[in-house]
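The structure appears right after this line, and notes come after that.
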Amino acid sequence: MDLKAHYANSKQRAVEEVKEITGGGLDHLINNAAVVSHISEFKTFKDFDDDFETLEKDLLESLEINILAVIKTVQAFIPLIRQGKQKKVLSISTGMADLELINATEVDFAAPYAISKGALNVTVAKYNALYKKEGILFLAVSPGYVATERNQVEPAKEDADKVAVLVQKFVGYAPHFERPLAPAESVSAVLSVLEKSSIANGDGGAFISHLGNKQWL
Numbered sequence: 056m057d058l059k060a061h062y063a064n065s066k067q068r069a070v071e072e073v074k075e076i077t078g079g080g081l082d083h084l085i086n087n088a089a090v091v092s093h094i095s096e097f098k099t100f101k102d103f104d105d106d107f108e109t110l111e112k113d114l115l116e117s118l119e120i121n122i123l124a125v126i127k128t129v130q131a132f133i134p135l136i137r138q139g140k141q142k143k144v145l146s147i148s149t150g151m152a153d154l155e156l157i158n159a160t161e162v163d164f165a166a167p168y169a170i171s172k173g174a175l176n177v178t179v180a181k182y183n184a185l186y187k188k189e190g191i192l193f194l195a196v197s198p199g200y201v202a203t204e205r206n207q208v209e210p211a212k213e214d215a216d217k218v219a220v221l222v223q224k225f226v227g228y229a230p231h232f233e234r235p236l237a238p239a240e241s242v243s244a245v246l247s248v249l250e251k252s253s254i255a256n257g258d259g260g261a262f263i264s265h266l267g268n269k270q271w272l
């Protein structure tokens, strides 16, 4: 079905279609849509000293997709989740939003992406505070460093060195890190975390990795 994360009318159509297919309930809702801006992906705050308007626009667009779209989706589908059996809502986050990782690696670029995903983690916790008593599990999970099609695109010449620096920082932070995960590996790991997580286990509102803990790589 056609579901555009930032279009409310698209969501309502999707809700009606899902309702018809499932008979009214929904066990799992996974918020996977996200944006990593090409504008700020390898730039720091300092790079925008003379162009704050671009930074502001980039940050607002990141918040629109990575936060507001998730809230709109949850608001639209929560009636179906209430009628589901497992009642689980998982939002894809990133280890790049983890404060310990940021401070340990000193990765100073891609701030709008990290900020918006950090806000997503708080959003998930707030939803948990609201719906935990109804037995609905809300969870934020980082999929790991994944070799998506986007990550396999040759970086711009001026960004190539920063990609190498990022990998070096990851290796320094997690010496066991050897390679990005294949998409299928990441999906399998995230679904395993979703299956094992529960309110009874104290997982409500948690921000964890594809390994079910705070190991991001």
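Numbering of the sequence shown is given in the numbering used here, commencing with residue 56 and proceeding in unit increments.
All C-beta atoms, glycine included, are put in the ideal place defined by N, C-alpha and C.
Status (buried if at least 16 other CB within 10 Å, exposed otherwise) for residue i
i: residue 101; result: exposed
i: residue 176; result: buried
i: residue 211; result: exposed
i: residue 78; result: exposed
8 Å CB neighbourhood of residue i in its chain, flanking five on each side removed
i: residue 157; result: 151, 169
i: residue 249; result: 83, 85, 143, 145, 194, 196
i: residue 184; result: 260
i: residue 247; result: 267
Residue i to residue j span [Cα, whole Å]
i: residue 201; j: residue 235; result: 5 Å
i: residue 137; j: residue 81; result: 8 Å
i: residue 229; j: residue 162; result: 14 Å
i: residue 159; j: residue 231; result: 16 Å
i: residue 188; j: residue 220; result: 45 Å
i: residue 190; j: residue 213; result: 49 Å
i: residue 241; j: residue 110; result: 31 Å
i: residue 99; j: residue 233; result: 26 Å
i: residue 222; j: residue 76; result: 43 Å
i: residue 103; j: residue 72; result: 44 Å
i: residue 141; j: residue 132; result: 14 Å
i: residue 108; j: residue 139; result: 44 Å
i: residue 130; j: residue 262; result: 20 Å
i: residue 239; j: residue 64; result: 31 Å
i: residue 215; j: residue 270; result: 26 Å
i: residue 115; j: residue 182; result: 22 Å
Beta carbon of residue i nearer than 8 Å to that of residue j
i: residue 94; j: residue 106; result: no
i: residue 147; j: residue 196; result: yes
i: residue 180; j: residue 257; result: no
i: residue 117; j: residue 167; result: yes
i: residue 174; j: residue 91; result: no
i: residue 244; j: residue 265; result: yes
i: residue 225; j: residue 154; result: no
i: residue 135; j: residue 74; result: yes
i: residue 125; j: residue 203; result: no
i: residue 66; j: residue 128; result: yes
i: residue 227; j: residue 251; result: no
Cutoff 7 Å; reference residue i; Cβ partners in own chain excluding five residues on either side
i: residue 186; result: 193
i: residue 254; result: 187, 190, 192
Per DSSP, the bridge partner or partners of residue i
i: residue 262; result: 195
i: residue 86; result: 146
i: residue 201; result: 236
Other residues of its chain near residue i: CB distance less than 6 Å, five sequence neighbours each side excluded
i: residue 96; result: 165
Test: residue i CB closer than 8 Å to a CB of chain B
i: residue 215; result: The chain labelled as chain B is not found in the depicted structure, where only one protein chain is given.
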